[in-house]
Amino acid sequence: MSTGLDRRLAALATAVELADGRLDEDSLEHAREVVRRAGERLGFGTEATVVALAGPTGAGKSTLFNALAGGELARVSVRRPTTAAATAAIWGNHPHALLDWLDVGTRHSVDGAGRDGLVLIDLPDFDSVERGHRLEADRLIGLVDLLVWVVDPQKYADASLHDDYLRRLRSHSDAMAVVLNQSDRLRRRDLERCEADLERLLEEDGLARVPVLAVSGATGDGLAALDALLDERVARRRAAITRLSGDVTAAAEALGVGCGRGKAAGVDRPGREQLVAALGDVAGLPLVVRAVARAHERRGTLAVGWPLLRWARRLRPDPLRRLRLEGEGDENVHTSLPAATAVQRSQADSAVRTLASRSAGDLPEPWPGLVRSAATSREGELAERLDRAIAGAQLPQRRPLWWSLVGALQRALALVAAAGALWLALIVGLGFLQLEDAVPLPELEGFPLPTLLLVGGLVLGLLIAWVARIVNGVGARRRAAKVARTLRARVETVADELVLNPIEAELEARERLCGALATASKP
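By the numbering used here, the letter at position 19 of the sequence shown is numbered 225, and the numbering carries on one by one without gaps.
#1: Does DSSP put residue 263 in a helix, in a strand, or in coil?
#2: What residues match up with residue 312 in a beta bridge as DSSP calls it?
#3: Inspect the beta-carbon positions of residue 328 and residue 259 and report whether they are closer than 7 Å.
#4: With C-beta atoms as the reference, is residue 445 less than 7 Å away from residue 352?
#5: How should residue 311 be labelled, buried or exposed, when 16 other C-beta atoms within 10 angstroms of its C-beta is the threshold for buried?
#6: With DSSP run on the structure shown, which of helix, strand or coil describes residue 332?
#7: Can you list, in chain order, the stretches of the beta strand (DSSP E) that have 3 or more residues and sit fully within the region 318-383?
#8: Looking at residue 693: is its Cβ nearer than 7 Å to the Cβ of residue 491?
#9: What does DSSP give as the partner residue(s) for residue 736 in the beta ladder?
#10: Where residue 414 and residue 367 are concerned, what is the direct C-alpha to C-alpha distance, given to the nearest angstrom?
#11: Which class does residue 686 belong to by DSSP, given the choice of helix, strand or coil?
#12: When the Cα of residue 321 is compared with those of 440, 360, 361 and 224, which residue comes out closest?
#13: Taking DSSP as the reference, what is the three-state secondary structure of residue 279?
#14: Measuring only the C-alpha atoms, how far is residue 599 from residue 612?
#15: Quick one: using the 10 Å Cβ neighbour count with 16 as the cut-off for buried, is residue 325 buried or exposed?
#16: Please report the straight-line C-alpha distance between residue 296 and residue 342, rounded to a whole angstrom.
#17: Do residue 629 and residue 606 have their C-beta atoms within less than 7 Å of each other?
#18: Less than 6 Å between C-beta atoms, sequence neighbours within five positions excluded: which residues of the same chain meet that for residue 477?
#19: Taking only three categories from DSSP, how would you classify residue 250?
#20: What does a CB cutoff of less than 7 Å around residue 573 pick up in its chain, not counting 5 residues either side in sequence?
#21: Return yes when the Cβ of residue 454 is within less than 7 Å of the Cβ of residue 690, no when it is not.
#22: Residues in its own chain within less than 8 Å of residue 559 by CB, not counting five upstream and five downstream?
#23: Buried or exposed, going by whether 16 or more other CB atoms sit within 10 Å of the CB of residue 667?
#24: What ranges does the alpha helix (DSSP H) occupy inside the region 397-483, keeping only unbroken runs of at least 4 residues that lie completely in it?
#25: Report the residue from 256, 243 and 314 whose alpha carbon sits nearest the alpha carbon of residue 272.
#26: Please classify residue 285 as buried or exposed, where buried requires at least 16 neighbouring CB atoms within 10 angstroms.
#27: Considering residue 723, what are the terminal residues of the alpha helix (DSSP H) in which it resides?
#28: Whose C-alpha, out of 710, 684, 576 and 677, is nearest the C-alpha of residue 609?
#29: For the alpha helix (DSSP H) that contains residue 498, what are its first and last residues?
#30: Would you report the Cα separation of residue 222 and residue 725, rounded to the nearest angstrom?
#31: In chain order, what residues of the same chain have a beta carbon less than 7 Å from the beta carbon of residue 625, not counting five sequence neighbours either side?
#32: Shortest alpha-carbon distance to residue 587 belongs to which of 529, 665, 488 and 457?
#33: Tell me where the alpha helix (DSSP H) around residue 557 begins and ends.
#34: Using only the alpha-carbon positions, how far apart do residue 419 and residue 370 sit?
#35: In or out: residue 542 buried (at least 16 other Cβ within 10 Å) or exposed?
#36: Nearest CA to the CA of residue 245: which residue from 212, 557, 294 and 298?
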């Protein structure tokens, strides 16, 4: 067994797993079959070398088979088709389990020193008029260790041979040989011309390394060269490994059509920013940020505003509570944010698809489509997950310390103004009763003290409220900016999980797939 082949089979099996659901199912099924068949064939060991004589009708396969076996094992007739079922000639010990796996029922033992381990199979014609014969030939062509194509001077250039078999098996050049049979029917010059033309056709098929032997099964001419080739392959005990290596190469090439060109760009920063911004709009992030700012201003006014005017603020609902956004955050609670508009949803969809397209770079199909599918695979979850992300955000609720200090000062100023107002009201009332002398009216710098208390309390209170409103505005913007960063981070998490990670996973799967196929393709 070959360690190199084991490594390549493991790589192909990995590639098949990664390609499942991504690449062409026919190529994928073929690769699965190669992995399965290789495991089964290697399970029988490599002591036996299975060689099949394959070819078209009338090429003389059975005659050549009998000549190699040294006896009339296969029926020879001018009537076609002659060979209905595969016949095996076995040198040495019978590999019964292997032949059972090959489903070859007709078996003959052959004596031959130095060739123990050879199993030579005469196949039905691959172009037989009997469909069952063709199917049997095709089945065994896909299983045997060494293929010896037997052609004659009349059919060596047939399109069915080159298009349907030889060209498709170009990765198996080391597991094939071509025999130009019935060479006794040609003069030497014509035979040389046929051989040269056959070699040219094989080179066009990508099989320049395949040996070409001119043989006559009827007279035995050239048979020694074919015997030597078989003896050499049997002695090496590597024909099965060579054949399976070609199978792995062919399967890897079929799956790797999208690996040899193009390059993925990956997720870039501008595309990510555009996606997060679009999803933020869908989630209502700008609305929440504005609500945070207004809520801070409202609470600041209630804390440090002019006490006699605070009632007006109390009539307005808290913007955050109206949206069902609590400070601690709870992902299990749905917010009352309005649903995204059609424009916002369209912009989000466009951002997802644009990012997927840019991430795929100039990769060939099917990868751009696979990346787009990955990017949109969970788009049905976006609205729900974004709403939960907003609902679960911990919004800052800490009251600034200065609110308490200024609030106390405002209450004190309100009391001062109220005292001045009551003092003046008392004076006015006593004046109406002509008892104004009963209450003293002290002055300060020529101004009545009650008036100073009233006006001073009002002016200072309103001035402090105005300054506090400016300071609260600055605090509201800072708090809104902090909340915007928090919410953006949560939107980014949703974008990563539902869009970006699937894109990157798809691109990573391609890299792993192409890496596995590269390993599987290298003998």
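All C-beta atoms in this analysis are idealised placements derived from N, C-alpha and C, irrespective of residue type, glycine included.
Reading from the atomic positions:
#1: coil
#2: 293
#3: yes
#4: yes
#5: exposed
#6: coil
#7: 324-328 and 352-357
#8: yes
#9: The structure shown does not extend to residue 736, since the chain spans only 207 to 729, so no value can be given for it.
#10: 16 Å
#11: helix
#12: 440
#13: coil
#14: 30 Å
#15: buried
#16: 20 Å
#17: no
#18: 561 and 564
#19: coil
#20: 464, 566 and 716
#21: no
#22: 578, 581 and 582
#23: buried
#24: 429-442 and 445-461
#25: 314
#26: Low per-residue confidence applies at residue 285: pLDDT is 45, beneath 50, and the placement is therefore not dependable, though the value from the model is reported in the following sentence. So residue 285 counts as exposed.
#27: 707-727
#28: 677
#29: 491-510
#30: 13 Å
#31: 659
#32: 488
#33: 548-566
#34: 22 Å
#35: exposed
#36: 212
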